[in-house]
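Asks: Provided herewith is a single structure, encoded as structure tokens, for subsequent inquiry.
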Amino acid sequence: MGKEKEIDLYSSDVSELNFTDESEDTIKKVLDERDYILPLKDDREASLDPLDKDDSMATKEQIEQEIPIRDTDNDNQAENTPDGLEAKIPLDEDDDNKSDEPDLTEDGSDPIADPGEDDPVPDGSVGVEDVPAVEDPVNPDETPAEVAENGDTPDAQAQPGSNDSGPNDQPEKNLRDEPSERGSSDDFVGLDDAEIEEKFLPKKKVESKKAKDIDKLESEPANKTVEKNKDRQLPQVKESRKPAAPKAAKESEASKGFGKLSWASKIINVALMALIAAGFYLYYNPSLVGLTKAEQPVLPAPVEVIEPVTPVAQPVTTPSVASKRDQCIAKLEEAVRLRKELLEKKDEIYELDLYYRNGIAELEDEIYQEIQKSGISSYKEAVNNKRIELNMRTIQRRQAYIKELTKPAYWLKSGSEELFFLVRKGQLDLELTEIAGGIDLNKHVRHISAAIQKYRPSPENLAVDPLQSKVQPLEKIWEQISQKKNTKDKAQIALNPKNEIIETQICSGNLARIAELTSISPAAAGCLSRMSGADLFLNGLTTLSPDAAKQLFKWQGNWICLNGVKDLSPAAAKFLFKWKGSWISLNSLDELPPELAMYLLKWEGQQLELMGLKYNKNEATQKTLKYLALWETTGGKLYVTDEIRKEMERLM
Amino acid sequence: MRKHLSHICAVMIIFFFGFGSAHATVNKSSELKLKMTEISTLQQNLTGKIAQAVEKKDQLEQKSHELEKEVRDQKAQYKIETYQNAILNPRIDYNLKLIQLLLGYITRLNDKIVYFKNGHDMLNFFFQQAQDDLLMIKTLNDLEIDKLIAQINEVLDEYIPETGKPMFDVNDVPLKDTEQIWNEIIKIN
């Protein structure tokens, strides 16, 4: 604004055109402007309001006191008067400037010496060093208050003829009030000049000599014009120097100017506040000006947008491609589950079969004992014995059950095998879908579905009817029992001579020949069970009857060796694995049927030796190995061959 | 004036043919380079396909061996000696069918591997020829390459579609007789 005003000012006067083309000091411009502005303004104001004449005169007085130093310099430069030379020197040299200070303080009110004054430069040297402070008076952005502090009047920024005298008058008031309070306006004028000189000096130092010459030459016309104005204002200044200027008029003018300034400043302040408020509002609502920055803090919005999209995309994209494969995989998994179910059912049937067979073996033993007790030798006698007859009928029924169980067992096996085949085939084709064509996964699904439907275990599919099955006649059962009895009797008779002697010795307390026993009677076993000691070696025994086993395993020892036993009946095994000892050696057993191994799970002992056990690739052996492995998991230690051990590890 | 015109025409003709010749040389070189790039790309695809087929074939052979072992175990467990008895055992019967299928797949994969390897070798041959011709063109500024381009295109047209197709059709595999398979299995035992 200040520059624009300056341009307008220069353009209005032909004599000032030369200044616009020059890069002269802006402070000098300000001083020049004041030379032109104030007289014009004062002239117009004087013509309009006679009451303000004195005040304007007072202002002129101040300005003349400020400006004449400069003007005098210019005039002196132009006229080469001795006074002019004296006035010019202080602007260029600090020493001279200091020499002027006494002139300013001659009135006895030196503001520089007073630390309580507004002048921040108590010392002239400090003012010289403060170069930015010198440039402030010409800074268009500087506030009026700053300008006032710098001791410069804002008149230089005012356009000639402008009615807005507020900014111009406020500093004047400040300038006028302080001296008036001290009772001398001349003191104020002197202070203002000193400040100007102090602040202008550094700038002058910076200027080159050539620039000074150019300024001098170019300022001549302007100085001439100023001189004319000064000549016109001279009487007024002389009058204003008189202390007759009414103080009340000054204050009214000052308050008037201040009122105008406050009104304008209010408008500016309100406008600035409104601008700031609008800025804040737009910052937080940028959508009003088409921006979307304000939506960033609203984070849930994109989440809400994404969430509904993904569920929609999933059902649309995936099913067409993955459905066949997934459906096939799901069907395969269903088939695997069903096969597992079938195998579990098959195991249950096997265990039931085993239970019946063990029961038959026990019943046969009971019949055998009854025969020996009653001396029965023919079928008719046996049938007449109610106990033998009922046992034989139980055997007959159980045999029928066992026979009937083969049907669901076979059905379950067929189902599991077919399902296994279909699953393997389906998996194979699934693996080849990447590289092979013509794979119909639907066909697999159909086949597996049919197999699942067919082999779903149901009471109908697993139904048995033992009553309808062809039962074995009781007479045939009697014959089988008789054959077994004769076999056992022959074996006992063959060993009797030696074993009887040893058994007699055992019961009499002589245990020297117990290792020679090949068979043992229940009575002798009872005698042995009462012996003391931790170990019992009966490695000569090849067979062990259930009754003998029942008596023998009442022995309270730690280790029993039965390494000669090659065949063990389930009944004997049942008593064996109820023994309270901790170590059993059965190293001659080359086969341990699952029905025997089942009893092992109930044994609370710690070590079992089965080094003679042989591995056969059959289902029974697999089951036995599973039982053995299971027993080992309960904390027992099993001694078997490496081959058996590997198979057990493979199974587990 | 007339003489001047004739000179201009002669210069233009020379320039035209000279430029045309140079342009043709550049075209042939770039065409050969393009074909070499296509050959390289197809060779990479074929190599990938061969590797995939070999990997899958190994997997199928492993499965086949496992099934054969299972058949032998069943034979030993149930003391099966003849094929007629063997097919009465569901596990042996199903395993023989699976082995039959696997052998068919393996046969087709082997065929495809050989086919892809042949293509790869042929492409390699044409690539080398293209390289040689390219050097010849650079040296002599010209060489007949239409025949080579046609041969390359023929191979490319044959093998590029094959890389996008399935390697074989599961419905079109040779099925070996299960009795023959059984006999081969028990021979090993």
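Sequence lines, in order, name chains A and B. All residue numbers for the first sequence refer to the numbering used here, where the first residue is 11 and numbers rise by one. All residue numbers for the second sequence refer to the numbering used here, where the first residue is 186 and numbers rise by one. For each residue, glycine too, the CB sits at the ideal point set by N, CA and C. Keep in mind that this is a model prediction, so the values were computed, not measured.
1. Where A:D545 and A:I594 are concerned, what is the direct C-alpha to C-alpha distance, given to the nearest angstrom?
2. Check B:Y263 in the structure and name its three-state DSSP category.
3. A:I458 and A:A345 - do their beta-carbons sit closer together than 8 Å?
4. As an exercise, report each continuous alpha helix (DSSP H) stretch of at least 4 residues that is fully enclosed by the stretch 369-412 of chain A, in chain order.
5. To the nearest angstrom, report how far apart A:I491 and A:V650 are at their CA atoms.
6. Distance, Cα to Cα, A:W569 vs A:I412?
7. Are B:L294 and B:M352 closer than 8 Å when you measure CB to CB?
8. Just confirm the distance between the C-beta atoms of A:S592 and A:G622, as a whole number of angstroms; I'd bet it's less than 8 Å.
9. Reducing DSSP to helix, strand and coil, say where A:D129 ends up.
10. The beta strand (DSSP E) that contains A:S647, what's its start and end?
11. Report yes if the C-beta distance between A:A535 and A:A558 is below 8 Å; otherwise report no.
12. Using a Cβ-Cβ cutoff of 7 Å, what residues of the stretch 617-644 of chain A are near chain B? List them in chain order.
13. Interface residues of chain A around B:F301 at Cβ under 7 Å?
14. Just to confirm my understanding: we take B:S169, look at its own chain, exclude 5 residues before and 5 after, and list those with CB closer than 6 Å. What are they?
15. How many whole angstroms separate the CB atoms of B:I235 and B:I298, which I take to be in contact at a CB cut-off of 8 Å?
16. Have a look at A:T443 and A:D336 and give me their C-alpha separation to the nearest angstrom.
17. Going by other Cβ atoms of all chains shown within 10 Å of its Cβ, with 16 needed for buried, is A:Q561 buried or exposed?
18. State the Cα-Cα distance for the pair B:Q336 and B:I224, rounded to the nearest angstrom.
19. Could you compute how far the alpha carbon of A:M541 sits from the alpha carbon of A:K564?
20. Any idea what DSSP makes of A:D439, helix, strand or coil?
21. Do you know how far the Cα of A:N549 is from the Cα of A:G385?
22. Taking the beta strand (DSSP E) that B:D342 falls in, what are its first and last residues?
23. Mind reading off the beta-carbon distance from A:G646 to A:G615? Whole number of angstroms is fine, and I expect it under 8 Å.
24. Determine the DSSP secondary structure at B:G233, reduced to helix, strand or coil.
25. How is the alpha helix (DSSP H) around A:I654 delimited, first residue to last?
26. Within 10 angstroms of its Cβ, does B:H192 collect 16 or more other Cβ (buried), or is it exposed?
27. Write down the C-beta distance between A:I445 and B:Q237 rounded to the nearest angstrom, noting that I regard them as a contact closer than 8 Å.
28. Can you confirm whether A:I445, when its beta carbon is compared against all beta carbons of chain B, has any partner nearer than 8 Å?
29. Does A:D439 get closer than 8 Å to chain B when you measure Cβ to Cβ?
30. Taking CB distances under 8 Å as the criterion, tell me whether A:L352 reaches chain B.
31. Does the beta carbon of A:E485 come closer than 8 Å to any beta carbon on chain B?
32. Pair every Cβ in the stretch 313-320 of chain B with every Cβ in the stretch 398-414 of chain A, then say whether three or more of these pairs are closer than 8 Å.
33. Taking the straight line between their C-alpha atoms, what separation do you get for B:E343 and B:G304?
34. What residue from B:N274, B:E253 and B:K254 has the CA that sits closest to B:Y263's CA?
35. At a CB-CB cut-off below 7 Å, which residues of chain B make contact with A:S424?
36. Taking the beta carbon of B:V211 as the centre, do at least 16 other beta carbons fall within 10 Å, making it buried, or is it exposed?
Replies: Considering the structure as presented:
1. Approximately 10 Å between the Cα atoms of the pair.
2. coil
3. yes
4. 389-394
5. Using only the alpha carbons, I get a separation of about 35 Å.
6. Each residue's alpha carbon lies about 38 Å from the other.
7. yes
8. Not a contact, Cβ separation roughly 21 Å.
9. In this prediction, A:D129 scores a pLDDT of 43, lower than 50, which makes its location untrustworthy; no coordinate-derived value is stated.
10. As written in the sequence, residue 647 of chain A is Lys, which differs from the Ser given in the question. Counting along the chain, the beta strand (DSSP E) containing A:K647 begins and ends at K647 to Y649.
11. yes
12. K627 and N628
13. Result: empty, since nearest Cβ-Cβ is about 12 Å, beyond 7 Å.
14. Outside the shown range of chain B (186 to 374) lies residue 169 of chain B, about which nothing can therefore be said.
15. 6 Å
16. Cα to Cα, A:T443 sits roughly 13 Å from A:D336.
17. buried
18. Roughly 12 Å separates the two Cα atoms.
19. 10 Å
20. helix
21. 33 Å
22. First-last for B:D342: D331 to G349, but that is the alpha helix (DSSP H), not the beta strand (DSSP E).
23. 7 Å
24. helix
25. Residue range D652 to L661 is occupied by the alpha helix (DSSP H) that includes A:I654.
26. Burial call: exposed.
27. Between B:Q237 and A:I445 the Cβ distance is about 6 Å, and since that is below 8 Å, they are a contact.
28. yes
29. So, interface residue.
30. no
31. no
32. no
33. 9 Å
34. B:N274
35. The answer, in chain order, is P275.
36. exposed
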